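Enquirer: Sharing a structure with you now.
Residue numbers (our numbering), protein chains in the order written: chain A, 1 to 535; chain B, 1 to 375.
Here is the structure:
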C-alpha cells in the first residue's frame, strides 16, 4: 500500500514559486497545462473575433465593412489561429494536466522540453498575428495556403511560414512528451489496455502529429524556396506542379482533422461513463476503433481534391477509403450509446457538453458520408455545405469536447465547484447559438453559395443573416466561459471533494487524488489496487 | 446600406422558428438541372440523405430513449454490462453493407461523369484573376467574360446601390457563354495565373482550373435557358466577383450567334483606322475587364497592395517604360503581353486609356503595331 500525494506533501512543504517567473521557468505539468489552457482561451477569443468580422460582412449582400482582401486575410488567420492556436493547445493543456495523474505518473517525462514546447506558442502566435500589420496585410490565401495564389502574398508570407514552423515544432515536442510519458511512466498495474481512453486517444493523436507535422513543414518550406530562391516545385512554367502542394498539404491536413477530434473522443469517453455510472462499453473495441481511425486518416487525403482532375481509379480508391472511416466511427458512437443504455444518467454541465458533442458530431458524420460520394462531392466541394460540415466536426466535435473536459476536470484543478447554473446556461446558449450559426450554412451550400466569398447573390441573404445572429450568440456566450473559469480560479464556489462527481473514483485514477491536486508530484508510489479498481 | 434590413431579419427569424410557409421561396436543396449528370448527382444526394435520416432516427432514438428513461431519477441503479461481442459485430457489419449499397451506384455514376469521350463540340475555359476566357477552337471564337457593369458598380464598398435592385446581382456577366442544347459539350478547363474552379450548380459538377493542367468535364444541356454560377476556388481578392453565365440555345440560334460574332469581328478588323476615340472606348472596356479589379475603376488602386494609376509615375512618365510593365508584368501584375488571348488592339487601347483617363493627360495614343513589335 502506498500513498497518494497528500501524505507525500507532508514531507515536502514547498508549493509553487512566488512571482511571475514561476510561469516562465516552470517545468511542472500542472502549471504548463494551465499555461496551455489560458493561451488557448486567448487565441479562441482572437480567432472568434475574426470570425465575427467575417459574419458581420456577410450579414447582408454588398460590401459594407471590409475590403475583400482583408476579408480573405480574416478567413486565413481565423482558421490558422483556431486550429493551431486554440484547439490544439487546449488539448495539449488537458494532456499536460491529466495524463500524469490518470496513469499514476509523477509528472511528464520530459519536463524541460515541456516548458519549451509551450513557450514557443506565444511567439508563434504573436508572429502570425503581427502579419496583419505588415505591408499588404496577412496571407490571404486560405488556411490551405494553395500556390500559386499564396506566392502572390507580400512580406507576410515568410513570417507566416516561420510561425507555422514554430507551431509545428511545438506540437511535435508536445507529442514526443506524451508518447514518452505514456510508454515509460505508467504506474505498475496500469497495462496499456487498462489505460483510460483519454490517454489512448492522445497517444494515437501524438503519433499522428509526429508523422504529419514534418510533411507540412516541408511543403511550406518549398513555398518559401519557390518564392525567394527561384525553385519551381509548384510552378508549371518551371516544370513544377500546383497539385503537388495539395497532395502534400492534405497528407498533413486530413490527419490534422483527427488530431483535433481524437482527443475530444477521449474526453467524451471519460465523461459519458462517469455520468452514466457505468463502465465504458466495449473499451477494447474503442481502442482498436481509435487506432483504425488514426490509420485510415492517412490514406484518404485526396478526397479534398475530387475536382482537381485525378484519374478515375484514384478517385474511386479515395472514395472507398473515405467511406470506410464511417465504420470505426460508427463503432465509437454505438459504444457511447451502449454506455448510456440502462445507466443512471445525470446531466451536469460536462455531460451536457458530451451529449452536445455526440449530437453535433453525428450530424457532421452524416454530411461526411454524403461528401464521401465522389459524384455528389463534385457539387458540395468548396461550397458552404463543406463549411457547415467541418464546423460541425471541429467546433461541434472538437470544441464541445474541450468544453466537456473543461467542466469535468475544472473542480479537480481548482478545488472548487464551478457555478453549475452558469455552466448549464453556457451550454444551452452555446448549443443554440452554434446551431443557428452553422445549420443554415448547409442550405446555403446546397443552394449554391461558394465558400470564402465576401459578398453574395441576394437569394442567400436570409440564411446568412441567421448565421450571423447565431455567430454573435455563440461568440458572446464564450465570455461567460471566461467568467466561470475566472470565478473558479479565484476559488469562489463550493469546495469540491476528491471524487467531485458521484462514483467518479470508478472511472479514473485522478479522482482518487485530493482536489485541487497537490502542486508537486501527485504520486510517489501509486496505489495499484485503487488504480485497477475501476476496471 | 448599413442599416439592418428589418423585413429580411424578420423573415430570417421566422425561418429559424420553422415557419414552413416561407420556405417555398428559398432554395434549400441542390437544384435539379437540365443535364443527366445533375439528375444523377441529385439522386445520390437524396439517397445519402435518406440513409442518414434512417441512421439518425435509430441513433438519436436510442440516445433520447436513454436520456428520458435511464435518467438517475427513474433508474437509480445502473446496469453493469460493458461488453457484448455479438452486438459489436452486428454494428460493424451493418454499416459496411449500407456503405456498399452507396458505393456501387456511386462508382457507376462517377465513371460516367468523368467520361468526356464522344463529344460533339469543345469549349476551352481559362480562369484569370478575375474573369473567365472562353474559346471555341472549331469556330475560332474567343472572348473574355467578366462581371457585368451594374453588379460591378453595386458591389463597390458603400456604393449606395441596393443589391436587391440589381438584376442577378453578382451572377451576371458582360458576355455569356453561348452553347447549343442537346450536344455533348466537352469543357477543357485551365487557368492562366492561380487556381480557379468552374462551377454552374445547375450542371451538378465543378472542375478546378489549374495552371499547367487541362482538366476535362462535359455537359449535355437539355433545356434552353440561362444557367448561372461562380468561381468556387479561392483565387484572390475578387474571388467572389467571378460569375459564370451559360446561355443554352437551340442549334439554329447558336448558328446564328456564331455567324453574327464572326461578322462583327470582321467589321472591326476592316475598319483599320486607329483613332483616339476608338482607343479610349475600347480601352475603357478592356480596363474594366482586366485592370479594374486591382487598380479600381477610377484608377485609385488599393493602398499597400495595388498602386494607384491616377497621377502615377508609370502612367504619366515614359511611355516605353509603361509598355514594358504591362507587357512583361511586375510583382503581382501578370505579363499581359504573353497572354495570346489579349489582342494587340486591346493592349494598345488600355495603355492609351490609362494615360488619358483618371486625370492623367499625356495625350499619348499607343498604336497596335507598337504592341505587335514588342511582342
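Glycine included, every Cβ here is placed at the ideal spot set by N, Cα and C. Source: prediction; values computed, not measured.
Ignore the nearest five residues each way along the sequence and tell me which others in residue 227(A)'s own chain have a CB closer than 7 Å to its CB.
Expert: Around residue 227(A): 151 and 157.
Enquirer: Which residues share a DSSP beta bridge with residue 145(B)?
Expert: The partner list for residue 145(B) (beta bridge, DSSP) reads 132(B).
Enquirer: Ordered along the chain, which non-local residues of its own chain (more than five positions away) have a Cβ less than 6 Å from that of residue 218(A)?
Expert: Same-chain partners within the cutoff: there are none.
Enquirer: Out of 508(A), 464(A), 475(A) and 419(A), which one is the CA nearest neighbour of residue 492(A)?
Expert: Cα-wise, what sits closest to residue 492(A) is 419(A).
Enquirer: The beta strand (DSSP E) with residue 185(B) in it runs from where to where?
Expert: Looking at the DSSP string, the run of the beta strand (DSSP E) that includes residue 185(B) is 184–191.
Enquirer: Pairing CB atoms from the stretch 411–429 of chain A with CB atoms from the stretch 362–382 of chain A, are three or more of them under 8 Å?
Expert: Result no; under three Cβ-Cβ pairs closer than 8 Å.
Enquirer: Would you tell me roughly how many angstroms separate the C-alpha atoms of residue 523(A) and residue 413(A), rounded to the nearest one?
Expert: Cα to Cα, residue 523(A) sits roughly 16 Å from residue 413(A).
Enquirer: Could you run through the stretch 196–208 of chain B and flag, in chain order, every residue whose CB is less than 8 Å away from some CB of chain A?
Expert: Those would be 197, 199, 201, 204, 205, 206, 207 and 208, in chain order.
Enquirer: Taking Cβ positions, are residue 100(A) and residue 181(A) nearer each other than 8 Å?
Expert: Contact flag set, yes.
Enquirer: What is the DSSP secondary structure of residue 81(B), reduced to helix, strand or coil?
Expert: In the structure shown, residue 81(B) sits in coil (DSSP, three-state: anything other than H, G, I, E or B).
Enquirer: If we count the other Cβ atoms within 10 Å of its Cβ and call it buried at 16 or more, is residue 540(A) buried or exposed?
Expert: In this structure chain A extends from 1 to 535, so residue 540(A) is not present and cannot be described.
Enquirer: Which residues in chain A have a C-beta closer than 9 Å to the C-beta of residue 56(B)? List them in chain order.
Expert: Within 9 Å Cβ-Cβ: 362, 363 and 366.
Enquirer: Which residues in the same chain have their Cβ closer than 8 Å to the Cβ of residue 34(A), if we skip the five residues on either side of it in sequence?
Expert: For residue 34(A), where only same-chain residues beyond five positions count, the Cβ hits under 8 Å are 93, 97 and 413.
Enquirer: Could you tell me whether the Cβ of residue 455(A) comes closer than 8 Å to any Cβ of chain B?
Expert: True, the Cβ-Cβ gap to chain B drops below 8 Å.
Enquirer: For residue 91(B), return the contacting residues in chain A, with the cut-off set at a CB-CB distance below 8 Å.
Expert: Within chain A, the residues near residue 91(B) are 330, 331 and 334.
Enquirer: What separation, rounded to the nearest whole angstrom, lies between the Cα atoms of residue 122(A) and residue 446(A)?
Expert: Spanning the two alpha carbons is a distance of roughly 39 Å.
Enquirer: Just the Cα atoms here: how many angstroms apart are residue 520(A) and residue 125(A)?
Expert: Straight-line Cα distance between these residues: approximately 29 Å.
Enquirer: Please state whether DSSP places residue 55(A) in a helix, a strand or coil.
Expert: It is helical.
Enquirer: The alpha helix (DSSP H) spanning residue 112(A) covers which residue range?
Expert: Unbroken alpha helix (DSSP H) run through residue 112(A): 111–130.
Enquirer: Is it buried or exposed, residue 229(A), if we count other Cβ atoms within 10 angstroms and call 16 or more buried?
Expert: Burial call: exposed.
Enquirer: Drop a sphere of 10 angstroms on the beta-carbon of residue 112(A), count the other beta-carbons inside from all chains shown, and report buried for 16 or more, exposed for fewer.
Expert: Under this definition residue 112(A) is an exposed residue.
Enquirer: Please look up how many angstroms separate the CB atoms of residue 306(A) and residue 377(A), rounded, as I've assumed it's under 8 Å.
Expert: That belief holds up - the Cβ atoms of residue 306(A) and residue 377(A) are roughly 5 Å apart, short of 8 Å.
Enquirer: Going along chain A, which residues have a C-beta under 7 Å from residue 72(B)?
Expert: Neighbours of residue 72(B) on chain A, chain order: 344, 345 and 346.
Enquirer: So, helix, strand or coil for residue 74(B), using DSSP?
Expert: Reduced to three states, the DSSP call for residue 74(B) is coil.
Enquirer: State buried or exposed for residue 288(A), treating a residue as buried only when at least 16 other CB atoms are found within 10 Å of its CB.
Expert: Looking at its Cβ environment, which holds fewer than 16 other Cβ atoms inside 10 Å, residue 288(A) is exposed.
Enquirer: How long is the line joining the alpha carbons of residue 259(B) and residue 294(A), rounded to whole angstroms?
Expert: Their Cα atoms are separated by approximately 60 Å.
Enquirer: Go to residue 345(A), then tell me how far its beta strand (DSSP E) extends in each direction, as first and last residue.
Expert: Segment: none, residue 345(A) is in no beta strand (DSSP E) and carries neither H nor E.
Enquirer: In angstroms with no decimal places, state the Cα-to-Cα distance between residue 279(A) and residue 105(A).
Expert: C-alpha separation (whole angstroms): 23 Å.
Enquirer: Please state whether the Cβ-Cβ distance between residue 146(B) and residue 166(B) is less than 8 Å.
Expert: Not a contact, by the Cβ cut-off of 8 Å.
Enquirer: Are the C-beta of residue 291(B) and some C-beta of chain A separated by less than 8 Å?
Expert: No, no contact with chain A.
Enquirer: Chain A partners of residue 347(B), CB-CB under 8 Å?
Expert: Those do not exist, as residue 347(B) stays about 21 Å from chain A at its closest Cβ, beyond 8 Å.
Enquirer: Mapping the DSSP letters down to three states, classify residue 450(A) as helix, strand or coil.
Expert: If DSSP states are grouped into helix, strand and coil, residue 450(A) belongs with the strands.
Enquirer: What does DSSP give as the partner residues of residue 228(B) in its beta bridges?
Expert: Answer is 245(B), bridged to residue 228(B).
Enquirer: Residue 31(A): beta carbon under 7 Å from a heavy atom of the ligand FMN?
Expert: Absence of the ligand FMN from the depicted structure is noted, as is the absence of any ligand whatsoever, leaving it without description.
Enquirer: Quick one: give me the first and last residue of the alpha helix (DSSP H) that residue 419(A) is part of.
Expert: Unbroken run through residue 419(A): none, as it is neither H nor E.
Enquirer: Is the number of C-beta pairs between the stretch 382–397 of chain A and the stretch 336–348 of chain A that are closer than 8 Å three or more?
Expert: The answer is no - the stretch 336–348 of chain A does not touch the stretch 382–397 of chain A, with fewer than three Cβ pairs under 8 Å.
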